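Using UniProt numbering, read the sequence shown as starting at 11 and increasing by one per residue.
Where is the CB? At the ideal position from N, CA and C, for every residue including glycine.
Small disclaimer: the values here were computed from a predicted structure and weren't measured.
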Amino acid sequence: KQRFPNEPEYHQAVEEVLLSIEDVYNAHPEFEAHNIIERICIPDRIFTFRVSWVDDKGKVRTNMAYRVQHNNAIGPYKGGMRFHASVTLSILKFLAFEQTFKNALTTLPMGGAKGGSDFSTEGKSDGEIMRFCQAFMTELWRHIGPETDVPAGDIGVGAREVAYMYGMYKKLARENTGTFTGKGLEFGGSLIRPEATGYGNIYFLMNMLKRKGITDLSGQTIAISGSGNVATYTAQKALELGGKVVTMSDSNGYIYDPDGINKQKLDYIFELKNIRRGRIKEYAETYGCKYVADDTPWKEPCTIALPSATQNEINEEDAEALVQNGCIAVSEGANMPSTPEAIEVFLKNKIMYAPGKAANAGGVSVSGLEMSQNSMKLSWPKEEVDQRLQHIMASIHDACVKYGTEPDGYVNYQKGANIAGFMKVARAMMAQGIL
Ligand code: NDP
Numbered sequence: 011k012q013r014f015p016n017e018p019e020y021h022q023a024v025e026e027v028l029l030s031i032e033d034v035y036n037a038h039p040e041f042e043a044h045n046i047i048e049r050i051c052i053p054d055r056i057f058t059f060r061v062s063w064v065d066d067k068g069k070v071r072t073n074m075a076y077r078v079q080h081n082n083a084i085g086p087y088k089g090g091m092r093f094h095a096s097v098t099l100s101i102l103k104f105l106a107f108e109q110t111f112k113n114a115l116t117t118l119p120m121g122g123a124k125g126g127s128d129f130s131t132e133g134k135s136d137g138e139i140m141r142f143c144q145a146f147m148t149e150l151w152r153h154i155g156p157e158t159d160v161p162a163g164d165i166g167v168g169a170r171e172v173a174y175m176y177g178m179y180k181k182l183a184r185e186n187t188g189t190f191t192g193k194g195l196e197f198g199g200s201l202i203r204p205e206a207t208g209y210g211n212i213y214f215l216m217n218m219l220k221r222k223g224i225t226d227l228s229g230q231t232i233a234i235s236g237s238g239n240v241a242t243y244t245a246q247k248a249l250e251l252g253g254k255v256v257t258m259s260d261s262n263g264y265i266y267d268p269d270g271i272n273k274q275k276l277d278y279i280f281e282l283k284n285i286r287r288g289r290i291k292e293y294a295e296t297y298g299c300k301y302v303a304d305d306t307p308w309k310e311p312c313t314i315a316l317p318s319a320t321q322n323e324i325n326e327e328d329a330e331a332l333v334q335n336g337c338i339a340v341s342e343g344a345n346m347p348s349t350p351e352a353i354e355v356f357l358k359n360k361i362m363y364a365p366g367k368a369a370n371a372g373g374v375s376v377s378g379l380e381m382s383q384n385s386m387k388l389s390w391p392k393e394e395v396d397q398r399l400q401h402i403m404a405s406i407h408d409a410c411v412k413y414g415t416e417p418d419g420y421v422n423y424q425k426g427a428n429i430a431g432f433m434k435v436a437r438a439m440m441a442q443g444i445l
């Protein structure tokens, strides 16, 4: 904390991992001899740069931008780009750190990275977004490549932004090898990539529930936050398996629909968020349900909670409310959505709790599969990608059970995911010497 002051999110993510690997670390003196902790926590390198672009009124604007290349012990740097006014270096360092362990869990050869800018897409025209993405890429292109660093999307970076960035990258790098994932299907994207994080989270959830003898979501009331990429596809798969989704949100508030968000209503949300780029409040106006401004949905009754918006969106009080209302499982679509105090509450009450680095790894997994397809210059059918995704989520689940099962049989998925990810990266680093 003294070395990197004013980086609370980064400290939070590092502390969470270090606490859960303590026993394993102490049992392996070779980790200490290689100073693995410092080397695994401090990013390999960080690029920081200014992006200058011209808005629709002809005014020259600037934003700060970053790429954190955290660790490449097991493969090329890989991780998304976030465009949001709240972006800081601390947030990107936490995300890159998490990404390293998440990618290790996927079974695919990918290191960890993250990047982005404090540029907000909200209220910007299509032309402004294109000019920003192009300006961003004129700097970043020299630091990435198919065998070095492969970016993707995240908050504020969807198919449109990826396409603009990839277009400029290709022009500058003079190659067409797919140095970006989440691309459009017409130019190297993979089927199921848009769906992958949300679907993957539900597949992980089903693996957890299966251990309790639950094989579908009928009878389950599900609270979801967010209404972006992860949230909408999570809802879609949850509906397919018979669940009743009662909440969704955006950064202004949440809607609570006790009748359930059915397929038709979900189609409305897809159109609202992706085409009209409107606010979730309009759902409440259209369907006559409750809308609560400036709050998160966690106090509404549910049996399953799937946070899919942003970091630290479930605090201790929310966690207490979830447990009191009969929630049996929390599976994180977002990265680090639960505060350390909230996680304490879940673990103390022994409810099923899946941390983001395990539960939302489906997105980067299919990104890895997109890279494989690009390398082979072919495209797999939907069924094949989906099957591979299901297989990967099951193997991540099994790794968590292997390392996280406690003497009373309770599976601490947080501990399991952290140990499994850490062991793989640490061993790869030791094998390759001091770098
Ligand atoms: P999107 O930009 O598509 O959607 C984000 C959603 O969360 C929007 O509804 C947004 O509301 C809301 N949101 C963003 N910031 C805040 C905030 N500060 N407070 C409340 N709500 C907020 O992003 P994604 O769906 O891609 O990402 C959601 C989460 O999932 C992130 O934590 C991301 O890191 C994680 N994730 C994403 C993956 C992917 O494949 N896309 C992979 C793995 C994890 P608004 O529209 O008002 O901004």
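#### Entry: Exposed unless 16 or more other CB atoms sit within 10 angstroms - verdict on SER237
For the purposes of this step, residue 237 is taken as the residue at position 227 of the sequence shown. Answer is buried; the Cβ neighbour count reaches 16.
### Query
Is the distance from the Cβ of GLY121 to the Cβ of LYS88 below 8 Å?
The residue labelled residue 121 in the question sits at position 111 within the sequence shown. The residue labelled residue 88 in the question sits at position 78 within the sequence shown. Yes, the pair counts as a contact, with Cβ atoms nearer than the cut-off.
### Query
Is it buried or exposed for ASP267, if we count other Cβ within 10 angstroms and need 16 for buried?
Your numbering for residue 267 matches position 257 in the sequence shown. Residue environment for ASP267: buried (at least 16 other C-beta atoms within 10 angstroms of its C-beta).
### 8 Å contact criterion, which ALA427 and LEU215 should meet: CB distance rounded
Here residue 427 refers to the residue found at position 417 when the sequence shown is read from its first residue. Here residue 215 refers to the residue found at position 205 when the sequence shown is read from its first residue. Between ALA427 and LEU215, the beta carbon gap of about 14 Å keeps them out of contact (Cβ cut-off 8 Å).
#### Entry: Continuous beta strand (DSSP E) assignments of at least 3 residues falling wholly in the region 56-125
DSSP assignment within the region 56-125 yields the following whole beta strand (DSSP E) runs of 3 residues or more, N-terminal first: 70-81 and 87-93.
### Per DSSP, the bridge partner or partners of TYR301
Residue mapping note: residue 301 aligns to position 291 of the sequence shown, counting from 1. TYR301 is bridged to ILE265.
### Given 8 Å, three or more beta-carbon pairs between the region 214-228 and the region 362-375
They touch, by the three-pair rule.
### Message
Taking the beta strand (DSSP E) that SER259 belongs to, which residues open and close that run?
### Response
One-based indexing of the sequence shown puts residue 259 at position 249. Per DSSP, SER259 is one residue of the beta strand (DSSP E) stretching across 254-260.
### Nearest-angstrom Cβ-Cβ length linking ASN113 and VAL374, presumed shorter than 8 Å
In the sequence shown, counting from the first residue as 1, residue 113 sits at position 103. In the sequence shown, counting from the first residue as 1, residue 374 sits at position 364. Rounded, the Cβ-Cβ distance is 6 Å, consistent with contact.
#### Entry: Boundaries (first-last residue) of the beta strand (DSSP E) holding residue 459
What the structure shows of the chain is the stretch from 11 to 445, and residue 459 is not part of that stretch, so it cannot be assessed.
### Task
Could you spell out the range, first to last residue, of the beta strand (DSSP E) harbouring SER341?
Looking up residue 341 in the sequence shown gives position 331. 339-341 is the span of the beta strand (DSSP E), which, as asked, contains SER341.
#### Entry: 4-residue-minimum alpha helix (DSSP H) runs that sit fully inside the region 350-430, ordered along the chain
Runs of the alpha helix (DSSP H) inside the region 350-430: 350-358, 366-369, 372-386 and 392-414.
### Query
Going by DSSP, what residues sit across from THR231 in a beta bridge?
Walking along the sequence shown from the start, residue 231 turns up at place 221. Within the DSSP secondary-structure output, THR231 pairs in a beta bridge with LYS254.
#### Entry: From ILE406, GLN397 and GLU40, residue whose alpha carbon lies closest to that of MET440
Here the question's residue 440 lines up with position 430 in the sequence shown. Nearest Cα to MET440 within the set ILE406, GLN397 and GLU40: GLU40.
### Message
For GLN144 and MET178, what's the separation of their Cα atoms in angstroms?
### Response
Your numbering for residue 144 matches position 134 in the sequence shown. Your numbering for residue 178 matches position 168 in the sequence shown. Roughly 6 Å separates the two Cα atoms.
### Task
Determine the burial state of ALA368: buried for a count of at least 16 other Cβ atoms within 10 Å of its Cβ, exposed for fewer.
In the sequence shown, the residue the question calls residue 368 occupies position 358. Result: buried.
### Query
Any idea what DSSP makes of ALA331, helix, strand or coil?
The count along the sequence shown starts at 1 and reaches residue 331 at position 321. Collapsing the DSSP output to three states places ALA331 in a helix.
### Task
Label MET46 either buried or exposed according to how many other C-beta atoms from any shown protein chain fall within 10 Å of its C-beta, with 16 as the threshold for buried.
If you number the sequence shown from 1, residue 46 lands on position 36. According to the sequence as given, residue 46 is Ile; it is not Met. So ILE46 counts as buried.
### Task
From the DSSP output, read off the bridge partner residues of ILE324.
Counted from its first residue, the sequence shown places residue 324 at position 314. Per the DSSP secondary-structure output, ILE324 pairs in a beta bridge with SER348.
### Task
In the DSSP assignment, find the unbroken beta strand (DSSP E) run with ASP159 in it and report its ends.
Position 149 of the sequence shown, counting from 1, holds the residue named residue 159. That run of the beta strand (DSSP E) goes 159-162.
### Task
Could you tell me the distance, in whole angstroms, from the CA atom of ALA371 to the CA atom of GLY378?
Here the question's residue 371 lines up with position 361 in the sequence shown. Here the question's residue 378 lines up with position 368 in the sequence shown. Rounded to the nearest whole angstrom, the C-alpha separation of ALA371 and GLY378 is 11 Å.
### Query
Would you say THR207 touches the ligand NDP, meaning its beta carbon is less than 7 Å from a heavy atom?
Counted from its first residue, the sequence shown places residue 207 at position 197. With a threshold of 7 Å, the Cβ atom of THR207 counts as near the ligand NDP, since some heavy atom of the ligand is closer than that.
### Query
Going by beta carbon distance, what residues of the same chain come within less than 6 Å of ALA245, once the five residues before and after it are set aside?
The residue given as residue 245 occupies position 235 in the sequence shown. So the qualifying residues of the chain are ILE234, VAL255 and LEU276.
### Task
Provide the residue span of the alpha helix (DSSP H) that contains PHE41, from first to last.
Taking the first residue of the sequence shown as 1, we reach residue 41 at position 31. Looking at the DSSP string, the run of the alpha helix (DSSP H) that includes PHE41 is 39-43.
### Rounded distance between the beta-carbons of VAL34 and ILE429, thought under 8 Å
For the purposes of this step, residue 429 is taken as residue 419 along the sequence shown, with counting starting at 1. For the purposes of this step, residue 34 is taken as residue 24 along the sequence shown, with counting starting at 1. Yes, they are in contact, since the Cβ atoms of ILE429 and VAL34 sit about 5 Å apart, within 8 Å.
### Query
Just checking, does the region 95-107 make contact with the region 45-63 on the three C-beta pairs under 8 Å criterion?
For the pair of segments examined, the region 95-107 was found to touch the region 45-63: the number of CB pairs separated by less than 8 Å reaches three.
### Task
Just the C-alpha distance for TYR176 and ASN81, rounded to the nearest angstrom, thanks.
Here the question's residue 176 lines up with position 166 in the sequence shown. Here the question's residue 81 lines up with position 71 in the sequence shown. Between TYR176 and ASN81, the C-alpha separation is close to 23 Å.
#### Entry: Through-space distance from SER318 to LEU249, alpha-carbon basis
Stepping through the sequence shown from its first residue, residue 249 is reached at position 239. Stepping through the sequence shown from its first residue, residue 318 is reached at position 308. C-alpha separation (whole angstroms): 16 Å.
### Query
Any heavy atom of the ligand NDP closer than 7 Å to the Cβ of GLY373?
As a first step, residue 373 must be located in the sequence shown, where it is residue number 363. Yes; taking the cut-off as 7 Å, the Cβ of GLY373 has a heavy atom of the ligand NDP nearer than that.
### Task
Might you give, ordered along the chain, the residues of its own chain that have their beta carbon closer than 6 Å to the beta carbon of ASP65, omitting 5 neighbours on each side?
Stepping through the sequence shown from its first residue, residue 65 is reached at position 55. Here the set comprises ARG71 and GLU138.
### Task
Take VAL240 and list the residues in its own chain whose beta-carbon comes closer than 6 Å to its own, dropping the five residues that flank it on each side.
For the purposes of this step, residue 240 is identified with residue 230 of the sequence shown, where counting begins at 1. Counting only Cβ-Cβ distances below 6 Å, and skipping sequence neighbours, we find THR207, GLY208, SER318 and GLY343.
#### Entry: Element boundaries [alpha helix (DSSP H), containing LYS220]
On the sequence shown, residue 220 is found 210 positions in, with the first residue counted as 1. First-last of the alpha helix (DSSP H) with LYS220: 203-220.
### Message
Could you check whether the Cβ of THR313 sits closer than 7 Å to any heavy atom belonging to the ligand NDP?
### Response
Within the sequence shown, the letter at position 303 stands for residue 313. Distance from the C-beta of THR313 to the nearest heavy atom of the ligand NDP is not below 7 Å.
### Query
the ligand NDP heavy atoms versus the CB of HIS94: any closer than 7 Å?
Translated into the one-based positions of the sequence shown, residue 94 becomes position 84. Yes; taking the cut-off as 7 Å, the Cβ of HIS94 has a heavy atom of the ligand NDP nearer than that.
### Message
Rounded to the nearest angstrom, what separates PHE59 and ILE444 at their Cα positions?
### Response
Locating residue 59 in the sequence shown gives position 49, counting from the first residue. Locating residue 444 in the sequence shown gives position 434, counting from the first residue. ILE444 has its alpha-carbon roughly 29 Å from the corresponding atom of PHE59.
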